[in-house]
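K.L.:
Sharing a structure here in structure tokens format.
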Amino acid sequence: MKTRHFIIETKDSVSTTVSSDVIDGDGEDYRMKFIPWKGNPNHGSYAKSVSHMTHQEMDLPNGKGSVKAWYQSVDCLEPWERNLKLGDAYLQTSAKSECARARFTLGLLSLHNFQYDQAIELFEKARSDELSMSGRDYPMALWGATMATTMILWQYSDCEKGKSFMKQIPKKTDWLTEKEAAYIKALSALYPNELKCSEDTNQNHRESRFMKAMKTVTTKFPEEVEAGLIYGVTKAATLAHPECKGSSSESTSLNEQCFQEMENRKNSIQGSVQKYTLPILV
0 MKTRHFIIET
10 KDSVSTTVSS
20 DVIDGDGEDY
30 RMKFIPWKGN
40 PNHGSYAKSV
50 SHMTHQEMDL
60 PNGKGSVKAW
70 YQSVDCLEPW
80 ERNLKLGDAY
90 LQTSAKSECA
100 RARFTLGLLS
110 LHNFQYDQAI
120 ELFEKARSDE
130 LSMSGRDYPM
140 ALWGATMATT
150 MILWQYSDCE
160 KGKSFMKQIP
170 KKTDWLTEKE
180 AAYIKALSAL
190 YPNELKCSED
200 TNQNHRESRF
210 MKAMKTVTTK
220 FPEEVEAGLI
230 YGVTKAATLA
240 HPECKGSSSE
250 STSLNEQCFQ
260 EMENRKNSIQ
270 GSVQKYTLPI
280 LV
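Quick note on numbering: the sequence shown equals residues 0 to 281 in numbering that gives the first Met the number 0.
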């Protein structure tokens with residue numbers, strides 16, 4: 000008997016087992032879990048979107064289980080995707096398709112490992128999977144593709160390509176969580192709509208804008224490890240700017256925070272490189 004989680008946000012935490020006849024009539028029982036409503040203005044007492052998650056994936060947002068073991072169990076992935084060894088990182092999104100969420104996760108891990116072209120390929124496939132399965136877009140996949148057009152440690156950005164992904168993010172995204180909306184909003188600091196790429200060529204300015212935007216995200220969601228890591232790397236990059244030279248105490252504190260977060264990225268190339276490069280950025 001397979002078991003899946005049927006998740007709905009409510010104001011009280013409840014858990015029960017229901018017959019699959021209630022859900023899709025496939026003759027198997029499902030585990031239904033109601034998780035507390037966080038007061039997200041995009042949701043009523045019941046979430047507007049419903050996700051089906053396996054036990055393996057259900058544990059990941061709580062820092063339990065293995066990301067690799069989960070995505071290797073996802074049937075739709077190609078052999079080369081299942082065999083990727085990129086470390087552990089998981090960012091919960093509102094995608095209904097498990098296949099889309101798995102490829103999004105692999106895209107995120109590729110991003111952490113500096114494999115930018117591969118990250119974009121996986122994010123685009125994740126978006127296609129979600130469109131095929133649910134009929135709705137996957138804004139966070141477009142967020143990931145946009146993120147993969149900037150290489151903070153190398154002070155390089157492909158503004159035109161980044162903006163091309165941003166423009167595809169739908170205006171109406173009422174199914175997103177507040178966290179997802181915050182991640183996407185921060186992209187406007189990378190590639191502001193009001194600036195043409197030809198007018199926005201100073202990478203130091205881009206990094207400073209994005210650092211401030213990610214600080215806002217981490218302040219609002221202090222428990223969000225992914226946001227903290229992105230903010231930490233971007234902040235470290237800005238401390239290498241000429242006007243910030245000598246900020247050693249701030250850099251030391253920042254490094255300690257980043258290193259703790261990197262412990263969750265075991266075997267990640269980016270985690271290893273950053274651990275040894277962040278201290279010498281200032």
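Each residue gets a CB set at the ideal place from its N, CA and C atoms; glycine is no exception.
This structure is a prediction, so every number in the text was calculated from the model and none was measured.
1) Check each candidate in Gln71, Gln91, Ala188, Met146 and name the one with the smallest Cα separation from Gln117.
2) Looking only at its chain, what residues have a beta carbon closer than 8 Å to the beta carbon of Phe103, apart from the 5 residues adjacent to it on each side?
3) Can you check DSSP and say which residues form a bridge with Tyr70?
4) Which residues mark the beginning and the end of the alpha helix (DSSP H) in which Lys160 is found?
5) Apart from the five residues on each side of it in sequence, which residues of its chain come closer than 7 Å, Cβ to Cβ, to Ile151?
6) Of all the options Gly106, Asn82, Thr215, Asn61, which has the alpha carbon lying nearest to the alpha carbon of Glu177?
7) Count the other CB atoms within 10 Å of the CB of His284; is the residue buried (16 or more) or exposed (fewer)?
8) Measuring straight from C-alpha to C-alpha, what distance separates Asp173 and Arg81?
9) Alpha carbon to alpha carbon, how far is Ile168 from Leu186? Give it in angstroms, no decimals.
10) Measure the alpha-carbon distance for Ile119 versus Asn201 and round it to whole angstroms.
11) Apart from the five residues just before and just after Lys37, which ones in its own chain have a Cβ nearer than 6 Å to its Cβ?
12) With burial defined as no fewer than 16 other Cβ atoms inside 10 Å of the residue's Cβ, what is the status of Lys195: buried or exposed?
13) Give every residue of the same chain whose Cβ lies closer than 7 Å to the Cβ of Leu107, excluding the five residues on either side of it in the sequence, and list them in chain order.
14) Which term fits Ala212, buried or exposed, when burial requires 16 or more other beta carbons within 10 angstroms of its beta carbon?
15) Express the C-alpha separation of Pro78 and Glu222 in angstroms, rounding to a whole number.
16) If you draw a straight line from the C-alpha of Leu175 to the C-alpha of Lys219, how long is it?
17) In chain order, what residues of the same chain lie with their CB nearer than 7 Å to the CB of Gln55, ignoring the 5 residues before and after it?
18) Assign Arg208 to buried or exposed, taking buried as 16 or more other Cβ atoms, counted over all protein chains shown, within 10 Å of its Cβ.
19) Give me the residue from Pro191, Tyr230, Val224, Leu228 with the minimum Cα distance to Pro60.
20) Just list the residues that DSSP pairs Tyr137 with in beta bridges.
21) Taking just the CA atoms, how far does Asn203 sit from Ala226?
22) So who's on the other strand from Tyr182, going by DSSP bridges?
23) Please tell me whether Tyr190 and Met165 are closer than 8 Å, where the distance is taken between their beta carbons.
24) Between Leu76 and Ala101, how many whole angstroms is the CB-CB distance? I'm expecting something under 8 Å.
P.N.:
Answer, in terms of the structure:
1) Met146
2) Leu90, Thr92, Ala94, Leu121, Phe122, Ala125, Tyr137, Met139, Ala140, Gly143
3) According to DSSP, which records beta bridges pairwise, Tyr70 is partnered with nothing at all.
4) 158-165
5) By the criterion of a C-beta distance shorter than 7 Å, Ile151 is surrounded in its chain by Glu206, Val232, Thr233, Ala236, once the five residues flanking it on both sides are discounted.
6) Looking only at Gly106, Asn82, Thr215, Asn61, the smallest Cα-Cα distance to Glu177 is reached by Thr215.
7) Missing from the structure shown is residue 284; the chain here goes from 0 to 281 and no further.
8) 32 Å
9) CA-to-CA, the gap between Leu186 and Ile168 works out to about 11 Å.
10) So the alpha carbons of these two residues sit roughly 24 Å apart.
11) Note that Lys37 has pLDDT 42, beneath the 50 cutoff, so the model's placement of it is unreliable and the number below is only indicative. Take Lys37, set aside five residues on each side of it, and no residue of its chain has a beta-carbon closer than 6 Å to its own.
12) exposed
13) Ala88, Leu90, Gly143
14) buried
15) So the alpha carbons of these two residues sit roughly 34 Å apart.
16) Computed Cα separation, rounded: 16 Å.
17) Excluding its 5 nearest sequence neighbours in each direction, Gln55 has C-beta neighbours in its own chain below 7 Å: Gly64, Ala68, Trp69, Ser72, listed in chain order.
18) buried
19) Val224
20) Partner(s): none; Tyr137 has no beta bridge.
21) Near 20 Å, if we compare the C-alpha coordinates of Asn203 and Ala226.
22) Partner(s): none; Tyr182 has no beta bridge.
23) yes
24) 6 Å
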